Amino acid sequence: MLRVVFAILTGLLGAALLHVIIILSLPHFSDRDAYTRVEDEGDENHFYMLDNKDDDAGLSNDDPYIRTAVCAFDIEDQPIRLTAKGKVPFWSLSVYDAASNEVFSMSDRTSVGGALDLLLASPLQLTGIRKALPPSLVQSILVETPRPKGYVVLRTMAPQTSFNDAAKSFLAEAGCDQFDGK
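Residue numbering for the sequence shown follows my numbering, starting at 33 and increasing by one per position.
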């Protein structure tokens, strides 16, 4: 009987200790979500290409056939315009809010002429833009996001080493810029 009581008390004490350790370690892990890591890459509204090894923010591109770039954004004051063009076999774009919920995604197959031209804005900003659509946005895809902060992931395929230069050029020239209204 004494052994059973000892085993139960040991189990309860171990469970309590484990819970305390988990609770105390939460702050260390909670600020390392995807949005925070993308934000740590550098300035907002700029695409950063990911390498095969983890960078300072802890992000990397581990697929040998895919090249990836990320951009953190804040559309509180102004919308952003995402642009990219080039001769690559495939590209895809995903927009996430700060909680890592996917807001929008597309690929070259759903774009106009294979080029990326997208305006990301809040519902209020997009209403104003639609009232007087600038000529520069006639071919653009207009996307509204309910939350002002988030990040974009742009991927392109390089199925052979001969595609590497085109893929890197596509990502290096991609734009994640504030839209000035023109």
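Note that the Cβ used here is the ideal one computed from N, Cα and C, for glycine as well.
Because the structure is a prediction, the values reported are computed rather than measured.
Buried/exposed call for residue i, threshold 16 Cβ in 10 Å
i, result
"Thr159", "exposed"
"Arg187", "buried"
"His44", "His is not the amino acid found at residue 44; the sequence shown has Leu there. That one is exposed."
"Gly182", "buried"
"Thr193", "exposed"
"Ser172", "buried"
"Ala39", "exposed"
"Leu112", "What sits at residue 112 in the sequence shown is Ile, not Leu. The residue in question, Ile112, is buried, as its Cβ has 16 or more Cβ neighbours within 10 Å."
"Asp56", "For the record, residue 56 in the displayed sequence is Leu; it is not Asp. Flag for Leu56 reads exposed."
"Asp86", "exposed"
"Ile54", "exposed"
"Arg141", "exposed"
"Glu71", "buried"
"Val52", "exposed"
Residue from the options with nearest C-alpha to residue i
i, options, result
"Ala130", "Arg187, Tyr67, Thr142", "Tyr67"
"Leu152", "Leu49, Glu176, Ala204, Ile40", "Glu176"
"Glu134", "Ser126, Leu50, Leu91", "Ser126"
"Thr115", "Ser139, Pro191, Arg179", "Ser139"
"Val170", "Gly207, Val144, Ala89, Ala206", "Val144"
"Ser132", "Met33, Asp65, Val36", "Asp65"
Same chain, Cβ closer than 7 Å to residue i, neighbours up to 5 away in sequence not counted
i, result
"Asn93", "Leu82, Asp83, Asn84, Arg99, Thr100"
"Gln110", "Gln210, Phe211"
"Thr229", "Residue numbering for the chain in the displayed model covers 33 to 214; residue 229 lies beyond these limits and cannot be assessed."
"Glu76", "Ala104, Phe105, Asp106"
"Leu203", "Phe79, Met81, Arg99, Ala101, Leu186, Thr188"
Same chain, Cβ closer than 6 Å to residue i, neighbours up to 5 away in sequence not counted
i, result
"Lys117", "Ala147"
"Ser121", "Reading off the sequence, residue 121 comes out as Pro, not Ser. Same-chain partners within the cutoff: Met189."
Per DSSP, the bridge partner or partners of residue i
i, result
"Asp209", "Arg113"
"Val185", "Val102, Ser126"
"Met81", "Ala101"
Neighbourhood of residue i by C-beta, 8 Å cutoff - its chain only, sequence neighbours within 5 removed
i, result
"Ala199", "Arg99, Val120, Thr188, Met189, Ala190"
"Arg69", "Ala89, Gly90, Leu91"
"Gly46", "none"
"Leu49", "none"
Within-7 Å CB hit, residue i to chain B
i, result
"Leu165", "The chain inventory of the structure shown lacks chain B, comprising one protein chain alone."
Next on the checklist: Please give the ranges of any alpha helix (DSSP H) in the segment 96-183, keeping only runs that are unbroken, at least 4 residues long and fully inside the region.
Outcome noted: 155-163
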